[in-house]
Amino acid sequence: AEKGGYEHFMMKEMMEQPRAVANTLHPRIKDGKVVFEDEGLTDERMAKAKHIHIVGCGSALHAGMVGRSVIEKLCRVRCTASIASEFRYENPIIEPDDLCIVISQSGETADTLAAMRQAKKAGAYTVAIVNVVSSTIAREADGVLYLWAGPEIAVATTKAYSAQLAALYLFAIKLASVRGKITAEQEKTYCDALYQLPEQIDTMLGTKEKMQYIATRYANRSSIFFLGRGLDYAAAMEASLKLKEISYIHSEAYAAGELKHGTISLIEEGTLVVALATQPELYEKTISNIREVVARGAEVVLVTGEDFDGDASYCSSVLRLPKLPHEFSASLSIVPLQLLSYYIAVERSCDVDKPRNLAKSVTVE
Numbered sequence: 030a031e032k033g034g035y036e037h038f039m040m041k042e043m044m045e046q047p048r049a050v051a052n053t054l055h056p057r058i059k060d061g062k063v064v065f066e067d068e069g070l071t072d073e074r075m076a077k078a079k080h081i082h083i084v085g086c087g088s089a090l091h092a093g094m095v096g097r098s099v100i101e102k103l104c105r106v107r108c109t110a111s112i113a114s115e116f117r118y119e120n121p122i123i124e125p126d127d128l129c130i131v132i133s134q135s136g137e138t139a140d141t142l143a144a145m146r147q148a149k150k151a152g153a154y155t156v157a158i159v160n161v162v163s164s165t166i167a168r169e170a171d172g173v174l175y176l177w178a179g180p181e182i183a184v185a186t187t188k189a190y191s192a193q194l195a196a197l198y199l200f201a202i203k204l205a206s207v208r209g210k211i212t213a214e215q216e217k218t219y220c221d222a223l224y225q226l227p228e229q230i231d232t233m234l235g236t237k238e239k240m241q242y243i244a245t246r247y248a249n250r251s252s253i254f255f256l257g258r259g260l261d262y263a264a265a266m267e268a269s270l271k272l273k274e275i276s277y278i279h280s281e282a283y284a285a286g287e288l289k290h291g292t293i294s295l296i297e298e299g300t301l302v303v304a305l306a307t308q309p310e311l312y313e314k315t316i317s318n319i320r321e322v323v324a325r326g327a328e329v330v331l332v333t334g335e336d337f338d339g340d341a342s343y344c345s346s347v348l349r350l351p352k353l354p355h356e357f358s359a360s361l362s363i364v365p366l367q368l369l370s371y372y373i374a375v376e377r378s379c380d381v382d383k384p385r386n387l388a389k390s391v392t393v394e
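For any residue, its number in my numbering is found by taking its place in the sequence shown, counting from 1, and adding 29.
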């Protein structure tokens with residue numbers, strides 16, 4: 030593996046995200062429909078699932094949280110996203126027709142593998158979303174969606190996370206189609222939008238200079254907060270994890286409406302708050318939360334949709350996403366926040382590719 034002229038593998042892998050997502054999406058979109066190559070992912074099996082369990086650790090869990098939201102919205106089937114290490118010991122309620130999606134970049138994550146085995150033992154049908162071919166999870170699952178994202182060297186995942194999101198979108202569209210929740214025309218609209226996603230991710234990578242400038246302003250902060258609602262909350266959790274794992278800055282993500290129930294006491298003069306608002310029905314609510322933190326001295330960076338028409342005068346900086354179905358916004362909102370985390374870590378002279386105490390593949394409990 031070589032850095033290809035980049036200072037770090039993480040930057041190289043962030044820049045590879047358009048290609049990684051295209052590798053996951055494009056072979057599986059044919060004539061406006063989602064087509065899975067794995068024989069285990071049959072329409073019959075997907076149609077009869079009464080409950081979908083999504084299991085993962087770290088960034089894979091955050092991808093699963095986005096997936097849960099999209100699946101429930103498009104498919105109207107009960108779906109839960111669980112931390113693998115908690116799923117193992119909570120004696121989860123699993124029925125024979127349930128479907129369990131396990132997500133792991135390496136396919137060797139110990140807790141995720143154990144959770145999958147538990148789900149299989151209880152009679153669930155297991156589907157693995159993995160990047161490493163012939164890994165243990167891929168071999169033992171009933172069906173597999175390979176990411177084809179290519180090797181990922183940096184400990185902090187970027188392109189594999191984006192590819193995991195893409196795989197979950199495909200699954201959600203396919204499931205909605207086979208269950209009759211969307212029409213053929215709607216499926217084609219979603220597939221066409223997904224086909225353009227790599228190009229839009231490339232557009233978001235063009236915010237590099239802006240994010241580098243913002244990083245120089247806030248790299249000395251001791252605490253940074255991320256806010257969002259719904260899908261944006263799941264995206265905020267991933268953005269917060271990226272920052273804390275490579276820059277060592279204390280960082281937390283909160284469902285924006287929960288902020289006033291205690292956490293707002295931590296907001297003080299100069300605190301950086303990154304607000305995500307990509308769901309139009311929640312714009313007004315999120316602006317209300319932004320006003321609350323600004324009134325207490327926070328400085329706000331807003332990541333929002335291109336159709337946002339709220340009052341952004343309270344914000345220090347605003348980033349707008351290209352137009353796309355709002356269900357897929359997490360794939361674009363995360364990109365500038367990956368860049369922000371990277372540049373803050375560089376500014377603080379951290380080892381970006383190998384953060385302290387972390388391993389690329391967690392193969393122990």
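Even glycine gets a Cβ: it sits at the ideal position worked out from N, Cα and C.
DSSP-derived helix/strand/coil call for residue i
{"i": "residue 93", "result": "helix"}
{"i": "residue 55", "result": "helix"}
{"i": "residue 62", "result": "strand"}
{"i": "residue 333", "result": "strand"}
{"i": "residue 358", "result": "coil"}
{"i": "residue 80", "result": "strand"}
{"i": "residue 394", "result": "coil"}
{"i": "residue 175", "result": "strand"}
{"i": "residue 279", "result": "strand"}
{"i": "residue 74", "result": "helix"}
{"i": "residue 381", "result": "coil"}
{"i": "residue 191", "result": "helix"}
{"i": "residue 186", "result": "coil"}
{"i": "residue 250", "result": "coil"}
{"i": "residue 156", "result": "strand"}
{"i": "residue 138", "result": "coil"}
{"i": "residue 313", "result": "helix"}
{"i": "residue 256", "result": "strand"}
{"i": "residue 115", "result": "helix"}
{"i": "residue 85", "result": "strand"}
{"i": "residue 8", "result": "In the structure as shown, the chain begins at 30 and stops at 394. Residue 8 is therefore absent and cannot be evaluated."}
{"i": "residue 376", "result": "helix"}
{"i": "residue 321", "result": "helix"}
Residue i - containing beta strand (DSSP E), residue span
{"i": "residue 129", "result": "128 to 133"}
{"i": "residue 349", "result": "346 to 349"}
{"i": "residue 353", "result": "No beta strand (DSSP E) holds residue 353; DSSP gives it neither H nor E."}
{"i": "residue 301", "result": "301 to 306"}
{"i": "residue 270", "result": "Not the beta strand (DSSP E): residue 270 falls in the alpha helix (DSSP H), residues 260 to 276."}
{"i": "residue 111", "result": "107 to 112"}
Continuous alpha helix (DSSP H) stretch holding residue i: start and end
{"i": "residue 220", "result": "213 to 234"}
{"i": "residue 242", "result": "237 to 247"}
{"i": "residue 165", "result": "165 to 169"}
{"i": "residue 42", "result": "38 to 44"}
C-beta contact flag for residue i and residue j at 7 Å
{"i": "residue 366", "j": "residue 268", "result": "yes"}
{"i": "residue 322", "j": "residue 363", "result": "no"}
{"i": "residue 155", "j": "residue 144", "result": "no"}
{"i": "residue 241", "j": "residue 92", "result": "no"}
{"i": "residue 205", "j": "residue 104", "result": "yes"}
{"i": "residue 110", "j": "residue 83", "result": "yes"}
{"i": "residue 301", "j": "residue 230", "result": "no"}
{"i": "residue 50", "j": "residue 185", "result": "no"}
{"i": "residue 97", "j": "residue 86", "result": "no"}
{"i": "residue 112", "j": "residue 90", "result": "yes"}
{"i": "residue 203", "j": "residue 63", "result": "yes"}
{"i": "residue 234", "j": "residue 54", "result": "no"}
{"i": "residue 394", "j": "residue 151", "result": "no"}
{"i": "residue 162", "j": "residue 72", "result": "no"}
{"i": "residue 201", "j": "residue 293", "result": "no"}
{"i": "residue 318", "j": "residue 361", "result": "no"}
Contact belief for residue i with residue j at Cβ below 8 Å, rounded distance in angstroms
{"i": "residue 409", "j": "residue 198", "result": "Look at the range of the chain in this structure, 30 to 394, and you will see that residue 409 is not part of it."}
{"i": "residue 172", "j": "residue 67", "result": "5 Å"}
{"i": "residue 279", "j": "residue 309", "result": "Contact flag wrong, Cβ pair sits at about 32 Å."}
{"i": "residue 359", "j": "residue 260", "result": "6 Å"}
{"i": "residue 272", "j": "residue 370", "result": "4 Å"}
{"i": "residue 61", "j": "residue 221", "result": "7 Å"}
{"i": "residue 126", "j": "residue 59", "result": "About 28 Å; that fails the 8 Å criterion."}
{"i": "residue 314", "j": "residue 285", "result": "7 Å"}
Contact set for residue i: own chain, Cβ-Cβ below 7 Å, skip 5 residues either direction
{"i": "residue 165", "result": "136, 137, 142"}
{"i": "residue 341", "result": "331, 347"}
{"i": "residue 312", "result": "306, 337, 339"}
{"i": "residue 74", "result": "154"}
{"i": "residue 41", "result": "32, 33, 35"}
{"i": "residue 316", "result": "339, 340"}
Chain-order list of residues whose beta-carbon lies under 6 Å from that of residue i (same chain, five-residue window excluded)
{"i": "residue 373", "result": "244, 248, 276"}
{"i": "residue 398", "result": "The shown model of the chain, from 30 to 394, leaves out residue 398, and the question about it has no answer."}
{"i": "residue 344", "result": "329, 331"}
{"i": "residue 187", "result": "42, 43, 367"}
{"i": "residue 46", "result": "188, 191, 230"}
{"i": "residue 160", "result": "134, 176, 178, 189"}
Own chain residues within Cβ distance below 8 Å of residue i, not counting five before or after
{"i": "residue 30", "result": "38, 180, 182"}
{"i": "residue 335", "result": "349, 350, 351, 352"}
{"i": "residue 167", "result": "136, 157, 159, 161, 173, 175"}
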